[in-house]
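Numbering (the numbering used here), first residue to last: 2 to 239.
Below, the structure written as structure tokens:
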């Protein structure tokens with residue numbers, strides 16, 4: 002992702018975390034040359050004090066871009082020197098303005114990153130409570146649900162056996178992950194209630210969500226710190 006920033010020293014960062022720092026002035030402006038979707042902003046600073054009282058506003062340089070405040074903002078402090086700001090933005094953005102609460106103030110920052118979400122489940126290990134079999138005897142595979150293909154054709158989706166009244170789908174990550182959103186693509190909408198559970202490395206439930214099956218459903222994860230999440234568990238009770 003390329004961008005133009007309002008302070009030139011931001012462009013030259015060391016690969017080693019906080020080996021160098023710069024004085025950030027308010028507002029720090031990040032402009033994108035094209036319509037862009039983002040999930041989070043990460044700021045590495047010299048100290049925790051340099052991460053306090055930050056305001057994030059999205060400005061529009063195109064009628065197609067979102068303009069306004071950071072919606073459903075979540076601040077995640079990693080250690081004492083790194084802050085992740087997550088926003089639920091309804092569309093594309095063109096420009097980010099990061100300002101400080103104090104007038105004429107500055108902060109000692111090391112780096113600023115802007116990232117878009119990516120599919121953590123892609124290619125991961127999936128287990129299911131049962132597997133359907135078509136008329137030709139071909140058995141469904143759990144891997145079909147984490148291959149990145151959202152085509153709703155039956156042969157391209159993971160399907161449990163029709164006799165399974167309490168189907169369970171489960172994806173396991175090889176190490177701890179940070180989860181901001183859970184998105185599920187259902188092949189057919191049967192208006193059934195389903196439950197999503199996020200578990201830690203000890204198989205203990207951290208968060209639970211429920212909803213009604215639709216072609217696409219999503220849940221925003223509201224946790225102060227999500228580093229312990231290791232598995233996503235989906236259950237559809239009868």
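Even for Gly, the Cβ is constructed at its ideal location relative to N, Cα and C. Note that the structure is a prediction, hence the values are computed from the model and not measured.
Proximity to residue i [Cα-Cα], best of the options
{"i": "residue 69", "options": "77, 59, 142", "result": "59"}
{"i": "residue 33", "options": "62, 42, 24", "result": "62"}
{"i": "residue 73", "options": "173, 82, 185, 91", "result": "91"}
{"i": "residue 153", "options": "169, 208, 187", "result": "187"}
{"i": "residue 110", "options": "46, 178, 103", "result": "46"}
{"i": "residue 222", "options": "200, 19, 83", "result": "200"}
{"i": "residue 209", "options": "218, 83, 202, 198", "result": "198"}
{"i": "residue 184", "options": "207, 214, 177, 155", "result": "214"}
{"i": "residue 142", "options": "132, 150, 136, 151", "result": "132"}
{"i": "residue 171", "options": "149, 130, 164", "result": "130"}
{"i": "residue 173", "options": "202, 163, 155", "result": "202"}
{"i": "residue 144", "options": "156, 23, 86", "result": "156"}
{"i": "residue 81", "options": "169, 217, 44, 31", "result": "44"}
One or two residues paired with residue i in a DSSP bridge
{"i": "residue 98", "result": "30, 58"}
{"i": "residue 19", "result": "BP columns for residue 19 are empty, so no partner."}
{"i": "residue 86", "result": "42, 76"}
{"i": "residue 122", "result": "DSSP output for residue 122 lists no bridge partner at all."}
{"i": "residue 66", "result": "93"}
{"i": "residue 217", "result": "186"}
{"i": "residue 25", "result": "108"}
{"i": "residue 113", "result": "44"}
{"i": "residue 140", "result": "134"}
{"i": "residue 37", "result": "94"}
Collapsed DSSP secondary structure at residue i in the structure displayed
{"i": "residue 182", "result": "strand"}
{"i": "residue 145", "result": "helix"}
{"i": "residue 52", "result": "helix"}
{"i": "residue 203", "result": "coil"}
{"i": "residue 228", "result": "Model confidence at residue 228 stands at a pLDDT of 40, short of 50, so the residue's coordinates are unreliable; what they give is reported in the following sentence. Three-state DSSP puts residue 228 in coil, outside helix and strand."}
{"i": "residue 10", "result": "Only weak support is given to the placement of residue 10: the predicted model assigns it a pLDDT of 47, under 50, and the question is left unresolved by the model."}
{"i": "residue 134", "result": "strand"}
Nearest-angstrom beta carbon gap, residue j and residue i [assumed within contact, 8 Å]
{"i": "residue 220", "j": "residue 193", "result": "In fact, because the Cβ distance is near 16 Å, the residues do not count as touching under 8 Å."}
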